[in-house]
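This note's numbering applies: residue 2 is where the sequence shown begins, and numbers increase by one.
Yeah, the Cβ is synthetic: ideal placement off N, Cα and C, and Gly gets one too.
Everything below concerns the one structure shown next.
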Amino acid sequence: MGNIYTRDIKRIGQEIFEKYKDQVSTDYGKNKELVKQVVDVYSKKVRNRIAGYITRRAKQTQRASTPQEDQEQLEE
2 MGNIYTRDIK
12 RIGQEIFEKY
22 KDQVSTDYGK
32 NKELVKQVVD
42 VYSKKVRNRI
52 AGYITRRAKQ
62 TQRASTPQED
72 QEQLEE
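Printed below as a string of C-alpha cells:
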C-alpha cells in the first residue's frame, strides 16, 4: 500500500500536468525541476510529493496508450 495524496497535491499536480503536458515526463528528477520552476512552494516535502504525483500520472498515461497502439498494430 502506498501513500494517499491530499486534495491539494492532486489539484496542483493535475493543473501542472495539463498545462505543461509537453514538458512532463516519466523521469522524477525532470518533473521535480519542473515543479520547482512552476510552483512557488517553500516546502521541499510538498514539492517532492507533487513531482511524484505527476510522475505517476505520466506513467499511467503512457501505460494506457501502449495497449491501444499494440491492438492497432495487431489489427493491421
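Q: Find the nearest neighbour of E16 within the set A65, S66, L35, K46, judged by alpha-carbon distance.
A: For this step, residue 16 is matched to residue 15 along the sequence shown. Comparing Cα-Cα distances from E16 to each of A65, S66, L35, K46, the minimum goes to L35.
Q. Start and end of the alpha helix (DSSP H) containing N32?
A. As a working mapping, residue 32 is identified with position 31 in the sequence shown. Element bounds for N32: 29-39.
Q. Taking C-alpha atoms, which residue in Q38, D23, V40 lies nearest to F59?
A. Residue numbering aside, residue 59 sits at position 58 when the sequence shown is read from its first letter. The displayed chain sequence assigns Ala, not Phe, to residue 59. Checked all of Q38, D23, V40; the closest Cα to A59 is D23.
Q. With distances taken from CA atoms, which of D28, I5, V39 is nearest E19?
A. On the sequence shown, position 18 is the one that residue 19 refers to. Closest by alpha carbon: V39.
Q: Give the single residue among D41, R48, T56 whose Cα lies nearest to the Cα of T27.
A: The residue labelled residue 27 in the question sits at position 26 within the sequence shown. Nearest of D41, R48, T56 to T27, Cα basis: T56.
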